[in-house]
Amino acid sequence: MSVFGCSAFGLKDSVTNPESGCLAADFFLADVVLPRNPLGAILTGREAEEERIHSGMPWPPEAWVSLEGYLRRVPVSCAWKALVDAGDRPVRWKIDGGVSFPIARILASHITAVLKNTHASGKAGDSIIVAIPDELDEFGQESLLRELKSKGFGNVQLLWRPIAAAMAWIDAQGEKLADKLEDGDVLAVIYSGPDGFEFVGFELRLRVFEGRRYALPLRDRPMSSLSLAGIDWAAGMIETVFPNIDTGAFWQAFTGFPEVWLAMAQIPWSDNDLQRIWSQGNQWRYWNPGLDMLDRIWGVQVKRSSILSGLTEKSISVLPATYHGDTGIAWDQMLYEQLDRLLRKKPKSRILGVVFCGALTPKTLPSWVKMAGDTLQQRGCKISPPYDLPKIHGIWMPGDGADAIAKGAAVYGTRLEMGKPTYLDTLPSYGLWAEIRRLGYEPLWDFYPLIPDKTEVEGGKEFSLPEPIDTLLIKAGSREFPMILKRGGDHACRQIKTSLPKPLDADCKVLVQATMKPATGFAVVTVESTDGSEVFKRGSKVKLNWDYMTEAARPEQPELKSSYGYPFVAAGRGRIHSKKEKRLDLKRFLDQVPPTGILSTQQIYFLKNKENHFLIPWGWDRFDPESFDIGLFGPVREDDPEVEEVAEKLGETLFKTFESVRKHRVELCRLMGFMYAYAPPGFVSFLMKIYQQGQVNHHNLLYAAGRVFSTSSSLETLVDRFNADPSYPENNTAQFFWAIMRSLCYYPETALLPPEKEYGVFERIYQFFCDHGRNGGNQDALKYGLCTVLFGLRLREVNTTFLNPEDPLRNKLSSVIKRMRNIGFPPTMFRGTGVRPGPGDNLNRFVLRFLNHMDTQEDRRVAGGLAAGG
Amino acid sequence: MGGSDPVAGERLMGFFEEIEAQIHLWPWSVGMADESIDIVDGRVEFPFYGSPTISLARGASLILPSRYERFLPLGTAFPPGTSKYQVYEAPYGMLAGDGRSGNIRAKTGSGYFAVTLAPIGALPRLVAGDGSDGSSVESGLARSVLAWSQFFDDLLDEAGKNWQRGENVPWGEVWQFIGTLGSDGSEPRMGLIVKIADQIKQKMPGIVQGARKILLRERQLLPTSRVSETDIRCLDWLIRQPGRTVAEKGGHKQRIMAVTRRESFNTLENQVLKDFIRRCRKESARYLQNEVGFDPNFRQSKRARLVASYQRLCGRLLNEPNMEEISRPSPNSGPNYVLQNDLRYREMWRWYSRLLKREDEEDRFWDWQTRAWSDITRFLVNAAMVMLKEQYPKTAEGEDRLFVAEIAQSLLHLRREQAMGCRIVPGSEPGPFLVSHRRQGKLGEASAVLEIVHPRDSDKHYLAKLLGRTGGHQFLVLNSLGGVTPQQKVIVVWGVHTAGAGNVPQVADILASADRALKYHSTVLGERRSGFPRLSGLVLCSRLEDVELGRYSNKNGVSLVSVPADPLGWGTAVQDVKEALKQTFESLL
C-alpha cells in the first residue's frame with residue numbers, strides 16, 4: 063500500500079510519498095487549457111504550459127486575450143478560488159460557443175495529472191490524500207470527488223489543507239508534544255497560496271491509542287476569511303510594476319513567468335533565469351523584472367485587479383459571499399490584520415506554534431509577522447531563527463522542497479491506514495423539517511438536527527445520531543413523500559419528493575438518519591420504514607441526494623391540530639433579563655447585605671415593597687404579549703449567567719434569613735415563592751419536607767409551593783398532602799386547588815405526575831363540586847377547582863388515555879360541571895390575547911370543552927390567562 | 070469582346086466602366102505591367118503558369134458559376150489606407166478547359182457580368198488512354214492532385230490512430246509523417262479503395278448473403294382455393310363484382326382479390342449495399358488503371374492484389390440472386406435505422422459515405438487545385454520550420470549556427486472535407502519561434518521572434534496587413550530582439566502550381582520575376598511608410614517530372630524550391646525548404 067499526499071493548488075504543486083519523498087513542480091502558475099468541444103481532452107501540466115491558446119502573446123490570434131472575450135486557459139488557482147467562492151452553487155467555466163466545463167472537472171484533470179507525474183494511480187493499492195481549502199463547501203467536495211472518480215481515481219480522500227499542515231508539524235514533534243500540551247493551547251496555521259489565504263487556529267486534544275498519546279488538532283467550522291487571494295496580489299503587483307500594461311502582456315506575466323510568484327515568496331532569482339520572451343503590444347522583448355519587486359510587493363494595495371477580473375469575468379464570475387470591496391490598504395497590513403484577528407479570537411490561549419504553508423510561504427520572516435511579534439511573544443511563541451525547523455513555541459516556515467501540506471496529507475493517509483487517530487473535525491449541521499415535541503408546549507415544526515451543530519468527529523470516521531428521527535410518517539393514500547432538509551446555519555432549505563410505487567393503505571412511520579464523514583461531501587441521509595415494509599421503489603430504505611434536491615423556501619407551520627384535550631403551560635417570563643436597571647438595583651441591594659448573609663427587617667421590607675419592583679408582581683405590561691403579573695422572576699429560566707448569578711445570591715440570602723430569623727418566616731416564604739423557577743433549592747426541599755410531614759400551618763406555604771414546585775416529584779408531595787388531608791374540605795381547600803393548578807400551569811415537567819395521584823385530586827374536586835357547586839359558598843374554591851381540572855388534563859399529554867370518554871370519572875366530572883353554578887371568567891384572563899369571550903360563555907363551559915376534546919386554538923391561547931395573577 | 074459568350078441579360082459594357090480588373094501571371098505580379106493583363110473585354114487570353122491571380126477593384130466579387138462559389142480573397146486589400154483593390158486566387162478546373170466554358174462571373178452593384186478566361190497551356194484532367202478503345206484516363210497531374218486529398222486523409226487517419234486528438238495533429242509529428250511517405254517504393258499510392266478493401270473485404274460476402282429481407286403485404290387476384298386472408302379492401306372489391314356467390318364473383322378464371330405476402334430484399338439498406346458494391350468495383354478499376362497501371366512492380370504489390378481481388382469479389386456479389394431485384398437508392402436519401410445501428414450495415418454505410426464524399430471532393434479539389442497547392446506550400450513551409458526547431462534546438466552547443474526554439478506549441482488542425490481546395494484550418498500554423506543566430510558566442514545578439522501569418526489572418530497582423538499586394542500565400546515575420554529599436558523582416562512565401570502548366574519558364578526566370586516583383590513591392594510599400602521592413606521571398610513550385618527539382622536562390626534573398634507534385638516526394642522537398650529557410654534566416658539575422 064502506497065500513500066500519496068497531494069497539494070495541487072496551482073503553484074509549486076507537490077506530491078509526497080513516504081517512500082519516495084516529495085516531488086514538487088516549478089514556480090509556475092499551473093494552467094489548464096480547455097478544448098472547444100465539450101467532449102475534448104483537457105490539456106494539463108506541461109502540455110498546457112507550452113500550448114499557445116490564450117497565452118496572451120500578440121500572435122497568432124488564438125493566443126490573444128481580451129477583456130471582452132472568453133478564456134480557454136484556466137489558471138488552476140482561479141478555478142480553486144471559484145469553487146470555494148461558489149459555495150453550494152454549481153459553477154462552470156464558460157468558453158466560446160455556449161460550451162462550459164464544471165470547475166470541479168477542471169480541477170480533477172489537474173490533480174490527476176499531478177498525481178500521474180508521481181506514478182500515483184487510481185488503483186486500490188494506492189491511498190491518495192488530496193488537500194482541499196478549509197472553506198470548500200460540501201457541494202464542492204462532492205463534485206470534486208465525483209470528477210476524480212470518473213477519471214479513475216476513486217480511491218482519493220480529501221483533507222483540509224490547514225489540518226494537513228498542522229499534522230505535519232505535530233508529526234515532527236513526536237510524543238514529546240503531549241507532555242508540553244496544556245489546555246487551550248492553540249496551533250496557528252497560515253496558508254498563503256495563489257488561490258487564497260487562510261488563518262486558522264487549532265486547539266489540540268490528546269487521544270491515547272495503543273498506549274501512545276496523540277495530539278489531534280480540532281478543526282472548527284471555517285470562518286469566512288480574506289476574500290482576495292494570491293492571484294489578486296500578483297495581479298496588483300504586475301499592474302503596479304508595469305503601469306499601463308496591455309492585457310496580453312499582463313496575462314503572459316501572470317500565467318507564464320515565475321518571478322512574480324517568487325517575489326511574493328521572497329525568493330530572489332538570478333539573471334541567468336531571465337531568458338523568457340515577453341511581448342508588450344506588438345513588440346517582443348526579454349522579460350527582465352528587477353529584484354526590487356521583492357520589496358515592492360508589500361506596498362501593493364489590497365484590491366481586485368481590474369485587468370484580471372476583466373479577463374476572467376466573462377468565463378467565470380463568482381463573488382465570494384463575504385466580499386466587502388477594496389480596502390485601500392497595503393497587503394502587509396492586511397495580512398497583519400488577519401493574523402491579529404486570529405490571535406484575538408482566542409485571546410487567552412498559549413500559541414503552541416505558527417505553521418506557514420502554501421506555495422507563497424515566505425522564505426524569510428515577513429514584516430507583517432514581525433508587526434505581530436509582541437503579541438506572539440506574549441502568547442508564548444518565540445520569534446527566533448531558524449524558521450525552517452518545526453519547533454514547539456516557534457515559527458515554522460518550511461524551506462524549499464518541503465511542502466507541509468503534502469507531507470501532512472501523507473501523514474494523515476499513513477495514520478488512517480494504521481487505524482491511528484488523525485484529527486478532530488466539526489461537522490456542518492443538517493436539519494430535517496419535522497414535528498418537534500416539547501413537554502408542556504404545543505408541538506412545533508422546525509428543523510430537527512440530523513447532524514447537530516458543532517458535532518465533533520474524528521477525521522476519516524463516520525458520524526451518525528445514535529437514534530434516528532421517528533417523528534415523520536407517510537400518510538395513507540399519498541403517492542409521494544416530501545422531505546425538507548437544511549444544511550449549515552444560513553443555507554437555503556432543499557426539498558425532495560420521493561415517489562412511492564403505490565399509495566399506502568395506512569400511515570407508515572419512517573426513521574430518518576444521517577451519516578457523515580469529514581471532508582467527503584454531503585451527509586448521507588437515509589429514510590427507512592419502521593416496520594420494514596417496502597414503501598419505496600427500492601425497498602424499505604431510500605437514500606437522499608442533496609444534489610438532486612430542489613431549493614425551497616423555509617416551510618410554513620403545518621395546520622395545527624383542532625383539539626388537543628388539554629392546555630399547554632403558561633409560563634411567564636420574569637423581567638430580570640429585560641429590565642437591566644432593575645437587575646442592577648437588585649445587585650446593588652445584594653452588595654449591601656451584611657457579611658452574615660442575613661437580611662435585616664428593613665431590607666426584607668425593602669424587598670417586599672411593591673413599589674421597588676423586585677419580587678412582588680408589579681403589574682401587566684400591555685406592550686409585552688408574554689407579560690404576566692409577575693416581578694423580576696418567573697417560571698421560565700433565562701439563559702443568562704448574570705441573571706443566574708443574581709438569582710443564586712438572592713436565593714441564598716433569603717433562604718439563610720428564612721432559616722435564621724423565625725420572625726419573618728411567613729413573609730420570606732412568600733418572597734421566595736415569587737422567585738418561581740429561581741427559588742433556592744433548599745427552600746423547595748423545605749417545602750417538600752413540610753408536605754411530607756403534613757405541617758401546613760399557613761397559606762403562604764401553599765402559594766409558594768404552587769409557584770416553585772416545578773417537578774412531578776415535588777408536586778407529588780403537595781398532591782399527596784392534599785389527598786391525605788383529613789380536614790378536607792374545610793381547611794385550605796381553595797389554596798390547595800390554587801397551588802396544584804399553578805404548578806401544573808407553570809411547569810412542563812409536572813405533567814409527569816402519576817395519573818393515579820391526579821385521579822385522587824379529581825375525585826376530591828368532584829366531591830367538592832357535588833357538595834358546594836350549587837350553593838353560593840366559596841366561589842374562589844369553585845373557580846380554582848375548575849382551573850385544577852383544566853390544567854390537570856395536561857396529564858393527557860403524557861397519558862393519552864387519561865380521562866378518556868370511557869372513563870366514569872370524566873363523565874361524572876362533566877355532568878357535575880354542567881350542573882354546578884356558572885363561574886365567570888377571571889377579569890384578567892383575556893387580557894392581551896386579542897380574544898373576546900363568546901356570549902354566554904363561562905369558565906364551566908371553557909373547562910368542559912377541554913375535558914370533552916372540543917377545545918379550540920383560541921381556548922388554548924387564553925388558558926394561560928388563568929394564571930395571570932401571578 | 071470577340072469570342073465571348075455573355076449570359077443573356079448581362080451588360081458587358083457596364084462592367085468595364087465600373088470595375089478595374091487585371092489578371093496576373095504569377096501571384097506576385099500585381100503592379101508588374103509585363104506580367105499583368107487588363108480585363109477590358111469579355112474574353113482574356115493569357116499564358117498559364119499555374120497560379121494566376123486576379124486583382125479586382127473593391128466592391129466587386131468573382132463567382133465560379135458552375136458551383137456558384139465565390140472567389141476567396143488572398144490577403145488584405147491594397148493599397149493600405151484606401152484598400153482599393155483585392156487579389157483573388159483563380160480556380161484551375163475551368164481554366165484547364167476540360168469541357169468547361171472558362172466562364173467566370175463578376176458581381177458588382179449593377180449586376181452580374183460574365184468573363185471568359187482563356188489560359189494557354191493549362192493541363193487537362195483526362196488524356197487519351199493507351200488502349201485501343203479510345204477511352205480517357207486521368208492525366209499525371211490529375212493523379213497527383215487527387216493524391217493530395219488522399220495525403221490529408223491518411224494524415225487524419227494517423228492522427229485518429231496515434232494521437233487521439235481528433236482532427237488535430239501535433240506539428241512535431243507531421244514532418245515525421247511526411248518523412249515516412251514513399252519509404253516503400255514497391256507499393257502504389259494509398260487510396261480510399263485500398264482502405265475499404267482492407268477493412269471490409271472479408272465481411273462483404275456475409276453481409277450480402279445475410280442481407281435483410283422484408284415481407285411485403287400485397288393484394289392479388291388469387292384462385293379461390295388459395296385464398297387464406299382478406300381485408301376490407303378485398304371485400305370492397307368482392308362486393309363490387311357481379312354475381313351472388315363467391316364462385317359467381319370469381320368469374321370464369323375463378324380468382325378473387327386476396328392478401329398475399331412476398332419476401333423482398335429491396336430495402337433502403339440493401340439499395341445502399343448494392344450501390345456501394347457497384348461503386349467499389351468501379352473505384353477498384355480506376356485505382357488499378359490509374360495508380361497501378363502496367364508497372365510490373367506495382368501489379369505484384371500487396372495493395373494491387375488486394376484491390377484486384379476486391380474488385381472480383383464485388384463483381385461476384387453483384388451477381389448474387391438476391392441482388393437482382395434491388396433498385397438504386399434515391400439520391401440524397403439519408404441513413405435509416407438499420408444503416409445507423411445494424412453492426413454489419415453500419416460499417417458499410419460509413420465507407421459508403423466516405424466514397425460518395427470523395428467523388429465530390431475530387432471534383433472540387435481539381436477545380437481549386439491552385440488554392441490546394443498554396444495550402445500545401447504553407448504546410449511544407451510550416452513542417453520545415455518545425456523540422457528546423459527539432460534539428461537546431463536552443464540547447465545545442467556550438468557557434469556560428471542557427472538555433473530555433475518554439476515559444477509556444479500548437480496543433481495542425483485539419484479539415485475532414487476540403488474548403489475550396491484547402492484542408493488546413495487557417496490559424497493552425499506553428500509558432501511563434503525564437504530564431505537565434507549565434508555568431509560570436511553571445512546568444513541573443515542576433516535573435517528574433519518569428520511569427521507565421523496566414524493570408525486569411527493577415528488583416529489582424531500589424532505588419533502583414535500591409536502586404537496584400539504581394540499576393541503572398543504566407544508571411545514569415547521576424548521581429549528582432551534585444552536591439553534598441555525593434556526591427557522587422559518579412560519572408561513572403563508563394564506557392565506556384567507550375568505542375569499544372571504546359572509551358573513553364575525556367576527556374577531562373579521565375580526567380581528573376583519574383584525578385585523583380587519583391588523589389589517593386591518594397592519600393593511601393595516603402596514609399597508609404599518609413600523604415601518598412603526588408604522583404605525576402607520563398608517560392609515553392611510544383612513539378613510533375615523530376616526536372617529542375619531542388620533548391621535555388623539568388624543573391625537578393627529570394628529562394629525557390631521545386632517540389633514534386635506527388636506527395637511521395639514531399640519528404641525530400643521539406644528538407645529543401647528547411648535548408649532554404651535556414652539560409653534565409655542566417656542571411657537576415
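For the record, the sequence lines run as chains A and B.
Residues in the first sequence are numbered consecutively from 63, following my numbering.
Residues in the second sequence are numbered consecutively from 70, following my numbering.
Where is the CB? At the ideal position from N, CA and C, for every residue including glycine.
Give the straight-line distance between the Cα atoms of residue i and residue j, rounded to the nearest whole angstrom.
i, j, result
"His726 of chain A", "Leu677 of chain A", "16 angstroms"
"Leu566 of chain A", "Val586 of chain A", "25 angstroms"
"Arg856 of chain A", "Cys849 of chain A", "11 angstroms"
"Lys639 of chain B", "Ala296 of chain A", "Looking at the sequence shown, residue 639 of chain B is not Lys but Trp. Computed Cα separation, rounded: 49 angstroms."
"Val137 of chain A", "Leu422 of chain A", "The sequence as given places Pro at residue 137 of chain A; Val does not occur at that position. Going by the C-alpha atoms only, they are around 16 angstroms apart."
"Arg541 of chain A", "Tyr610 of chain A", "19 angstroms"
"Leu534 of chain A", "Leu145 of chain A", "35 angstroms"
"Gly362 of chain B", "Lys351 of chain B", "15 angstroms"
"Arg154 of chain A", "Leu105 of chain A", "17 angstroms"
"Gly71 of chain B", "Gly190 of chain B", "Note on Gly71 of chain B: pLDDT 33, under 50, position unreliable in the model; no value is reported."
"Lys213 of chain A", "Ala488 of chain B", "37 angstroms"
"Val518 of chain B", "Gly118 of chain A", "15 angstroms"
"Tyr628 of chain A", "Glu497 of chain A", "19 angstroms"
"Ile252 of chain A", "Ala193 of chain A", "15 angstroms"
"Ala767 of chain A", "Val746 of chain A", "8 angstroms"
"Leu133 of chain A", "Gln409 of chain B", "37 angstroms"
"Ile579 of chain B", "Glu430 of chain B", "31 angstroms"
Run through the DSSP bridge pairs and tell me what residue i is partnered with.
i, result
"Lys571 of chain A", "A:Leu535"
"Ala250 of chain A", "A:Gly263 and A:Val416"
"Asp107 of chain B", "B:Gln91"
"Tyr510 of chain A", "A:Leu494"
"Arg406 of chain A", "DSSP lists no partner for Arg406 of chain A."
Pop quiz: residue i and residue j are said to be a contact at Cβ under 8 angstroms. What is the actual Cβ separation, rounded to whole angstroms?
i, j, result
"Ile413 of chain A", "Leu438 of chain A", "6 angstroms"
"Gly735 of chain A", "Arg769 of chain A", "4 angstroms"
"Val574 of chain A", "Leu494 of chain A", "6 angstroms"
"Val909 of chain A", "Ile879 of chain A", "6 angstroms"
"Thr446 of chain B", "Leu609 of chain B", "4 angstroms"
For the ligand FAD, I want to know if residue i counts as a neighbour, meaning its beta carbon is within less than 8 angstroms of at least one of the ligand's heavy atoms.
i, result
"Asn231 of chain B", "Absence of the ligand FAD from the depicted structure is noted, as is the absence of any ligand whatsoever, leaving it without description."
Which same chain residues, not among the five before or five after residue i, have their C-beta less than 7 angstroms away from its C-beta?
i, result
"Leu814 of chain A", "Ser774 and Val860"
"Ala796 of chain A", "Asn840, Asp842, Ala843 and Tyr846"
"Asp528 of chain B", "Thr145 and Lys534"
"Ile283 of chain B", "Ser333 and Thr336"
Listing by chain order, which chain E residues have their CB less than 9 angstroms from the CB of residue i?
i, result
"Tyr181 of chain B", "No chain E appears in the structure shown, which is made up of the protein chains A and B."
Ordered along the chain, which non-local residues of its own chain (more than five positions away) have a Cβ less than 8 angstroms from that of residue i?
i, result
"Lys819 of chain A", "Glu778, Val781, Asp782 and Asn785"
Give me, in chain order, the residues of the same chain whose beta-carbon lies closer than 6 angstroms to that of residue i; leave out the 5 immediate sequence neighbours on both sides.
i, result
"Leu647 of chain A", "Before going on, a small fix: residue 647 of chain A reads as Asp here, not Leu. Nothing meets the Cβ criterion."
Complete runs of the beta strand (DSSP E) confined to the region 281-356 of chain B [at least 3 residues]: 283-292 and 324-333
Contained beta strand (DSSP E) runs [length at least 3] in the region 170-249 of chain A, N- to C-terminal order: 188-194 and 218-222
Those runs of the alpha helix (DSSP H) which lie wholly inside the region 425-476 of chain A and span at least 4 residues: 429-433 and 435-440
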